[in-house]
Structure formats: structure tokens, C-alpha cells
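Protein chains: 2
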Amino acid sequence: MSDSREGVGAGGLPEGLKLNEQGLIPAVVQDVGNGDVLMVGWMNAESLRRTLEGGRTCFWSRSRQQYWVKGLTSGHVQHVKSVYVDCDQDVLLVKVEQVGAACHEGYRSCFYRQVVGDSLESATLRVIAERIAEPS
Amino acid sequence: MSDSREGVGAGGLPEGLKLNEQGLIPAVVQDVGNGDVLMVGWMNAESLRRTLEGGRTCFWSRSRQQYWVKGLTSGHVQHVKSVYVDCDQDVLLVKVEQVGAACHEGYRSCFYRQVVGDSLESATLRVIAERIAEPS
Numbered sequence: 001m002s003d004s005r006e007g008v009g010a011g012g013l014p015e016g017l018k019l020n021e022q023g024l025i026p027a028v029v030q031d032v033g034n035g036d037v038l039m040v041g042w043m044n045a046e047s048l049r050r051t052l053e054g055g056r057t058c059f060w061s062r063s064r065q066q067y068w069v070k071g072l073t074s075g076h077v078q079h080v081k082s083v084y085v086d087c088d089q090d091v092l093l094v095k096v097e098q099v100g101a102a103c104h105e106g107y108r109s110c111f112y113r114q115v116v117g118d119s120l121e122s123a124t125l126r127v128i129a130e131r132i133a134e135p136s
Numbered sequence: 137m138s139d140s141r142e143g144v145g146a147g148g149l150p151e152g153l154k155l156n157e158q159g160l161i162p163a164v165v166q167d168v169g170n171g172d173v174l175m176v177g178w179m180n181a182e183s184l185r186r187t188l189e190g191g192r193t194c195f196w197s198r199s200r201q202q203y204w205v206k207g208l209t210s211g212h213v214q215h216v217k218s219v220y221v222d223c224d225q226d227v228l229l230v231k232v233e234q235v236g237a238a239c240h241e242g243y244r245s246c247f248y249r250q251v252v253g254d255s256l257e258s259a260t261l262r263v264i265a266e267r268i269a270e271p272s
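Top line first, the protein sequences correspond to chains X and U.
Take the first sequence: its letter number 89 is residue 89 in our numbering, and every next letter is one higher.
Numbers given in our numbering equal positions in the second sequence, counted from 1, plus 136.
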């Protein structure tokens, strides 16, 4: 929130983007149909390039240290409709048409559990969605 | 995506949460009214506690190294309606009633610029929203 840039135009990407120490930027993925937040993945400049040019979301897997086209094996791909950057250019928002389940646990959205309770210690998690696919 | 936990119940927070090396977890903030993604902030365990217990979003400012109740000075507070965790418990989703502008640039949402273009080098940013407040 400390550094605002205005008027970023041609050539503003990827130079304008603020990647973290690992060269990554978080990407919030939102269902363009109903507005549900589906997941958050991490992109580097190359996976953003693949996302923009390929029309499907491509992330950088931090655990596997490799590119990861969402749904490539499961078929649960995300067709990219539009991409946005936040004020600080350190977060992306990607609106998609989601095929099937975004979550590897078989839920449409990765945010299938609600935090219930009004204190940290007493909080519990409640599943608030139905599985629509087998966990992968 | 590699480590899934099921049945986390009482005492699952904050133990169940996966904080990063700085003890932080990203929190996606969504407008409960229209579903717009408003911003992404960072929380540590204490700011999550304050968010759950105080009913307004509280973040950890990485640049200022201090807690930050959103809108405390501007009045543009976020009243917390519900909180969710993702499958890996390394991202939070907070649904809020937003008062005024979530963005310090005076826009309702921090994601007021769209990435236009289908290649990384040719991409430009286009402002797709109207300012509703003075930049702060």
C-alpha cells in the first residue's frame, strides 16, 4: 500500500509487477459466473505469460517447483476471461470459467470451510460445500 | 496443494493454519454484497484474532511492521461477515461489508485496472472503475 504507480502503459508488464523474493506473485482466481473465489495460486512472470497467451491458468508450483497448467490432468481447467492487477501491482485477479472442481479435494472452490467462532482459540472449521468430484 | 487436512475441529486454529516464513497468511477480502474481490492483505495469528474478535479486518502491514485496522483513519472500514480457509490452510477468505473505498487510491476495489492484451510484452493496464473517494 506504500507505493502507488499511475499510468502504467505499454511495457508496464512484467516490469511494473512486484514479484516477491522468490519471483512470485499471488493470483486470486474468481468464477466469472457467480463471483465465487475459487483458489489462490502463485505465478511467476513466465506462468503469467502462459496464462495470458494460452487462455488457461498456469501457476508455479512451489512444492513441486514446476509450471502447472490447472486441470491439465484432471480436465478441471480454468478458461481465462480477464486479468486484473491491484493498486500495488503485487497481486493478480484472474476471472475464469471453471470446468468442474477447482479444488483438489473435489470441491468447486478451495474455500469450502468456514471459520466458525468469534475467538481464535474456540474457532472451528465447518464444511459449507458439497463435493462435486473425487479428490485427486 | 500437497498436504490436505480433514476434520480440523476445536483448537484447529491457529495450529492448523500454515503461515509463511514471516508468520503471515494472505487474506482475500471479498464484498459480501456483490462478490467483488476488494483487496488482498496479510495477517498474522494476532491480526486474525483481532479480525475474529473485533468484527473488523485487521492486517499486518509488512511495510510499516505494525497492525493495521483497515479504515481506522479513513473510516473505510470492513465489517467482517464470515471467514473461510482454503484446502491447504494457507489462504484466508474474508467476506465483508465494505464502507466506502477499499483502495487507498480511492477506488472501491484495489483491482481497478485490467490487463489488456494477450501477450506479456504487449499488455497494458486499463482503468475499469471510477474513483469514489480521494486517494489517501
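Glycine included, each C-beta is placed from N, C-alpha and C at the ideal position.
Proximity of chain X to residue 181/U at the Cβ level (cut-off 8 Å) is accounted for by 120, in chain order. The beta-carbon distance between residue 31/X and residue 38/X, rounded to whole angstroms, is 6 Å. This is short enough to meet the 8 Å contact definition. Within the same chain, 236, 237 and 242 come within 6 Å of residue 269/U by CB-CB distance, once the 5 residues on both sides are set aside. For residue 124/X, the three-state secondary structure derived from DSSP is strand. The residue among 231/U, 222/U and 260/U with its C-alpha nearest the C-alpha of residue 213/U is 231/U. Note that the C-beta distance between residue 45/X and residue 256/U is below 8 Å. Taking a C-beta distance under 8 Å as the contact criterion, residue 125/X and residue 252/U do not qualify as a contact pair. 54/X is the residue among 41/X, 54/X and 21/X whose C-alpha sits nearest the C-alpha of residue 81/X.
Using a Cβ distance threshold of 8 Å, residue 205/U and residue 185/U do not count as a contacting pair.
Of all residues in the region 218-233 of chain U, the ones placed with a Cβ closer than 7 Å to any Cβ belonging to chain X are 218, 219, 220, 221, 222, 223, 227 and 229, in chain order. By DSSP's assignment, residue 195/U forms a beta bridge with 204/U. The CB of residue 189/U comes closer than 7 Å to the CB of 118 and 119 in chain X, given here in chain order. Between the alpha carbons of residue 197/U and residue 71/X lies a distance of about 34 Å.
Against chain X, the beta carbon of residue 246/U has neighbours under 7 Å at 86 and 87, listed in chain order. Following the DSSP letters along the chain, one finds residue 53/X inside the alpha helix (DSSP H) bounded by residues 45-54. Taking 8 Å as the CB threshold, residue 207/U stays off the interface with chain X. Residues of chain X whose Cβ lies closer than 7 Å to the Cβ of residue 171/U are, in chain order, 35.
Distance from the Cα of residue 267/U is smallest, within the candidate group 239/U, 227/U, 254/U and 250/U, for 239/U.
At a Cβ-Cβ threshold of 8 Å, residue 123/X and residue 112/X do not count as neighbours.
By the 16-neighbour rule on beta-carbons within 10 angstroms, residue 200/U is exposed. Secondary structure note for residue 220/U: its beta strand (DSSP E) is the uninterrupted segment 214-221. Counting C-beta atoms within 10 angstroms of its own C-beta, residue 83/X has 16 or more neighbours from the protein chains shown and is therefore classed as buried.
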